[in-house]
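The structure appears right after this line, and notes come after that.
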Amino acid sequence: GVLHRVEKKWYWMSEIYPTEEISLRSASVDNFVIIDTANQQEQVIGEMDKASVPTLIYEGAIYLHEGEQYAIHRLDYQNQKAYAERVKVNYYTDAQDETNIKVLEVFEKGEELNMEHAYGEVAITTVSTCYKKIKFYTHENIGFGEISLPPEEMHTTAYWLALADDSGELWKRLETEDTSFNLSSGLLALSNVLINIVPLYVMCDPQDIRAVSEVRSPFTSKPTIYIYDNYPGGVGFSEKMFELRRPLLQAAQELILGCGCEKGCPSCVGPIDEVGIKGKESALLILREALS
Ligand SMILES: [Zn+2]
């Protein structure tokens with residue numbers, strides 16, 4: 001086991017995670033510890049699963065613990081330790097990551113007009129490249145930093161919806177005919193809305209699920225939105241999303257239509273600088289076809 005020294009006490013990390021309970025595919029056994037280095041003492045203030053390290057405790061990250069801000073000033077990747085220091089700053093950090101998704105197995109599939117739905121096992125690869133410092137309240141971008149960490153791979157389950165074949169033409173036509181339609185913006189906007197809605201239906205926290213959208217998925221060969229369980233091995237949210245797909249899409253449509261903003265906002269499809277000026281309208285067009 002890995003021995004961690006915590007304020008002159010010794011803990012065997014392997015005893016916290018009995019071997020027989022560990023899924024072989026799971027990466028979460030390699031938890032990182034977050035250590036407060038104040039007063040020449042090393043006090044463990046938190047633990048983090050390995051998969052979240054590149055997005056939450058890279059060097060330069062502001063980590064929140066019991067309402068206090070801690071700056072991660074050193075990450076010892078080899079020994080799975082992040083060294084932190086209490087700070088008071090007027091910004092939070094936001095890692096910019098790239099996520100790749102690969103379908104390993106389809107558990108169930110359902111075809112509907114203009115739409116294919118499925119859920120199954122996937123491999124997620126996430127690599128963080130840099131982070132932004134974002135000022136509280138104004139959300140102003142006040143700086144950047146680099147993140148140099150290896151990619152993290154996680155096997156989990158995902159639900160996905162693909163805009164079906166016949167409509168391949170439809171989306172292209174819409175893009176040329178309708179100046180308010182952009183496929184990529186629409187997929188991103190719709191995935192943001194789903195991330196807001198899904199927790200109410202499957203009883204999870206927003207950070208328990210994540211979305212990836214692809215204009216042409218290598219697996220489905222179609223425009224596709226994946227929403228995956230953000231836990232190694234998956235915890236059952238994807239299956240529920242698959243079962244509740246119709247009410248979920250209807251709720252997404254209601255949420256967008258019910259929002260008073262003109263072109264999109266954080267309460268519906270996400271901020272315009274993220275999803276683009278056509279995001280809201282495009283998400284509605286996709287939903288109109290999907291629910292017709
Ligand atoms: Zn809005």
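Following full-length UniProt numbering, the numbering of the sequence shown begins with 1 at its first residue and continues without gaps. All C-beta atoms in this analysis are idealised placements derived from N, C-alpha and C, irrespective of residue type, glycine included. Just so you know, these numbers come straight off a predicted model, no measurement behind them.
Checklist line | Contact check, Ser180 vs Glu281, beta carbons under 9 Å | finding: Taking the C-beta atoms as reference points, Glu281 is found nearer than 9 Å to Ser180.
Item checked: Cβ-based burial, Asp49 [other Cβ within 10 Å; buried from 16] -> Residue environment analysis places Asp49 among the buried positions, since at least 16 neighbouring C-beta atoms fall within 10 angstroms of its C-beta.
Check: According to the Cβ coordinates, are Phe219 and Thr157 closer than 9 Å?
Finding: No, Cβ-Cβ distance for Phe219 and Thr157 is not below 9 Å.
Notebook entry, point to check: Among residues of its own chain, excluding the 5 on either side of Val235, which ones have a beta-carbon nearer than 6 Å to its beta-carbon?
Noted result: Correct list, in chain order: Asp229.
Margin query: To the nearest angstrom, how far is the alpha carbon of His139 from that of Ala95?
Written below: So the two alpha carbons sit approximately 14 Å from each other.
Checklist line | Strand pairing of Lys263, partner residues [DSSP] | finding: As DSSP reads the structure, Lys263 sits in no beta bridge.
Notebook entry, point to check: Helix, strand or coil: which one does DSSP assign to Ser191?
Noted result: Helix.
Notebook entry, point to check: Per DSSP, Thr99 is paired with what?
Noted result: The partner list for Thr99 (beta bridge, DSSP) reads Thr126.
Notebook entry, point to check: Can you tell me whether DSSP reads Glu281 as helix, strand or coil?
Noted result: The three-state secondary structure of Glu281, taken from DSSP, is helix.
Next item on the list: Tell me whether Lys280 counts as near ligand 1, meaning its Cβ is closer than 8 Å to at least one heavy atom of that ligand.
Entry: Because some heavy atom of ligand 1 lies under 8 Å away, the Cβ of Lys280 counts as near it: yes.
Note to self: With H, G and I counted as helix, E and B as strand and the rest as coil, what does DSSP make of Thr156?
What the structure shows: If DSSP states are grouped into helix, strand and coil, Thr156 belongs with the strands.
Note to self: Comparing C-alpha positions only, which one of Tyr70, Asn196, Phe242 sits nearest to Tyr159?
What the structure shows: Out of Tyr70, Asn196, Phe242, Phe242 has the C-alpha closest to the C-alpha of Tyr159.
Item checked: At least 3 beta-carbon pairs within less than 8 Å: the stretch 271–286 vs the stretch 187–206 -> The stretch 187–206 and the stretch 271–286 touch, with three or more beta-carbon pairs separated by less than 8 Å.
Margin query: Taking its Cβ as the centre, do 16 or more other Cβ atoms sit within 10 Å of Phe237, making it buried, or is it exposed?
Written below: Sixteen is the threshold: when 16 or more other Cβ atoms of the shown chains lie within 10 Å of the Cβ of Phe237, as they do, the residue is buried.
Check: Assuming Leu249 contacts Ala290 under a Cβ cut-off of 8 Å, what Cβ separation, rounded to an integer in Å, is found between them?
Finding: In this structure Leu249 touches Ala290 by the C-beta definition: roughly 6 Å separates them, less than 8 Å.
Checklist line | CA-to-CA distance, Tyr83 to Asp222, given in whole angstroms | finding: Here residue 222 turns out to be Lys, not Asp, going by the sequence shown. Their Cα atoms are separated by approximately 44 Å.
Next item on the list: Take Gln40 as the anchor and find which of Glu85, Asn31, Pro206 has the nearest alpha-carbon.
Entry: Checking every option, the nearest Cα to that of Gln40 belongs to Glu85.
Check: Given that a residue counts as buried once 16 or more other Cβ atoms are within 10 Å of its Cβ, and exposed if not, what is Leu285?
Finding: With at least 16 other beta carbons inside 10 angstroms of its own, Leu285 counts as buried.
Item checked: Residue nearest to Phe144 in terms of C-alpha spacing, selected from Val198, His155, Lys132 -> Of Val198, His155, Lys132, the smallest CA-CA separation from Phe144 is found for Lys132.
Notebook entry, point to check: Considering only residues of the same chain and omitting the five flanking positions on each side of Arg25, which have a CB-CB separation below 7 Å?
Noted result: With a pLDDT of 37 at Arg25, under the threshold of 50, the predicted position of this residue should be treated as unreliable, though the coordinate-derived value follows. So the qualifying residues of the chain are His155, Pro232, Gly233.
Check: Across which residues does DSSP place Asp229 in a beta bridge pair?
Finding: Its beta-bridge partners are Ile209.
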